[in-house]
Amino acid sequence: MAGHLLSRDFVQLIHRAKGLWNWWTPPPTRPRYALALAGGGVIGGMYEVGAMTALEERLNGNGVGFDIYVGCSAGSVVAALLASGIRASEIYHILDEDRDDPLNFRRGVLFAGDAFRMACTRFGRFVWAIGKHVLRGGRSLPDVLARAERELPAGFFTLASLERFMRLGLASRGARNAFADLQRTLLIPAVDLNSAERVVFGQGALATVPISDAVAASSAIPGFFDPYTIGGRDYVDGGVGFSGHADLAAEAGADVVFVVNPLVPNRTANGGASMRGRGVYTIMEQAGRIYSQNLLQLGMASLALKYPGTVFHLLQPSQDTALLSGPSMGFEASRAALRFGYTSTRDWLAEQGAPLVRSLTPVPVA
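Mapping of the sequence shown onto numbering that gives the first Met the number 0: residues 0 to 365, in sequence order.
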């Protein structure tokens, strides 16, 4: 009898100890959610706005939102606006209805009034430098390019207009052009041209760089735009050698990361016209998309191993999507890409993306 009472008292003691332990144990923290937007030129950025509008609509204001935003190249434009508290649906309607608004991403944002004249002047400089060395006896194009390298332009366009668009666009909504003033974490990667290293604006020594300058630096497509200079350092597109940068979100403590990759290699249907017939620009763009897609696939595979506690969701269009097959820097297909991003993502969220929707929807408290 005494042994029975002793065991019962011992069990009660264990229950009291567990109660004290639970009282001292802090409640579980809410998972941290991140959005990583890859580059993709004008039509890629439009696709991302449409995709995020569909996600906003699907959550219907019930979502927990993202704690961390990572944006590269065109994705940095969208990520910076969203991280500043501007809703994707607002941007969508401004673009779709072509409203007269500071956030309307028109041709002048990248190609200001004198952009064509500047590009022609630089192209003329390019031709003159090559022609001069050919006349001096150059017979091999690579050798001619090597001799003329210091006379060639650094790019054909500048990003001054994009920096101005971001600065004025943020100001039009009362948002500060500073990482420190954001309520959410914003990370914008770029590549230091001379050190060949990835840098991340929004953290460390680069946290004080204005958001508009960081976006311009991350968007400097080599050859197309001049490298963007900040503090005496030259930066180029964050997509050079990288794709998605979802690792930055995981390093920042995200438990769930939604990766959006707007541009994929295009596949012509059986019997369709070969891309060879579309010329050198299309061939170079297709090669760039293949390179970027392979980087993304390798990166996503390694992320699953390196961050086993983080869940990654990837959204990208089908490779037979004709709407995104045009020049990524062109504006003619931009509105179609915007609408396609919305409609295709809406369908994706209802099927493959359902786990993402569930993770972003808070569980009701009983």
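The beta carbon of each residue, even a glycine, is placed where N, CA and C say it ideally should be.
Treat the numbers as computed from the prediction; the structure is a model and nothing was measured.
Practice prompt. Look up D191 in the DSSP assignment and give the residues it is bridged to.
Written response: E196 and Y234
Worksheet item: With C-beta atoms as the reference, is S211 less than 9 Å away from R166?
Response: yes
Discussion item. Starting from Y290, trace the alpha helix (DSSP H) in both directions and tell me its first and last residue.
Written reply: V279 to K305
Worksheet item: Across which residues does DSSP place P221 in a beta bridge pair?
Response: F224
Worksheet entry | Backbone CA spacing between P326 and L313 [nearest angstrom] | 23 Å
Worksheet item: Tell me which same chain residues have a C-beta within less than 7 Å of the C-beta of A87, skipping the five on either side of it?
Response: V48, M51, T52, E55 and L81
Discussion item. Could you check whether G237 and A189 sit closer than 9 Å to each other, using their CB atoms as the reference points?
Written reply: yes
Discussion item. Quick check on H92: buried or exposed, where buried means 16 or more other Cβ atoms within 10 Å of its Cβ?
Written reply: exposed
Worksheet item: Taking only runs of the alpha helix (DSSP H) that begin and end inside the region 53-122, which ones reach a length of at least 4 residues, in chain order?
Response: 73-82, 87-95 and 106-109
Worksheet item: Are the beta-carbon atoms belonging to G40 and S75 less than 9 Å from one another?
Response: no
Worksheet item: Looking at L359 and V255, is the spacing between their C-beta atoms short of 9 Å?
Response: yes
Worksheet item: Which value, in whole angstroms, describes the spacing of the CA atoms of G168 and L161?
Response: 10 Å
Fill in: CB contact flag (L295, N260, <9 Å)
yes
Worksheet item: Roughly how many angstroms lie between the CA atoms of D319 and T207, to the nearest whole one?
Response: 42 Å
Fill in: Cutoff 9 Å: Q202 Cβ touching any chain D Cβ
Looking for chain D here will not work: only one protein chain is present.
Item to complete: Determine the direct distance from the alpha carbon of R277 to that of G136, and round the result to whole angstroms.
Response: 33 Å
Item to complete: List the DSSP bridge partners of A33.
Response: I67 and V256
Fill in: Rounded distance between the beta-carbons of A78 and L34, thought under 8 Å
7 Å
Item to complete: Compute the beta-carbon to beta-carbon distance between T309 and A249, rounded to the nearest angstrom, for a pair I have assumed lies under 8 Å.
Response: 5 Å
Practice prompt. Go through its chain and collect everything with a Cβ distance to R163's Cβ below 6 Å, but skip five positions before and after it.
Written response: none
Item to complete: For S72, count neighbouring C-beta atoms within 10 Å of its own C-beta (all shown protein chains included) and say buried if the count is 16 or more, exposed if not.
Response: buried
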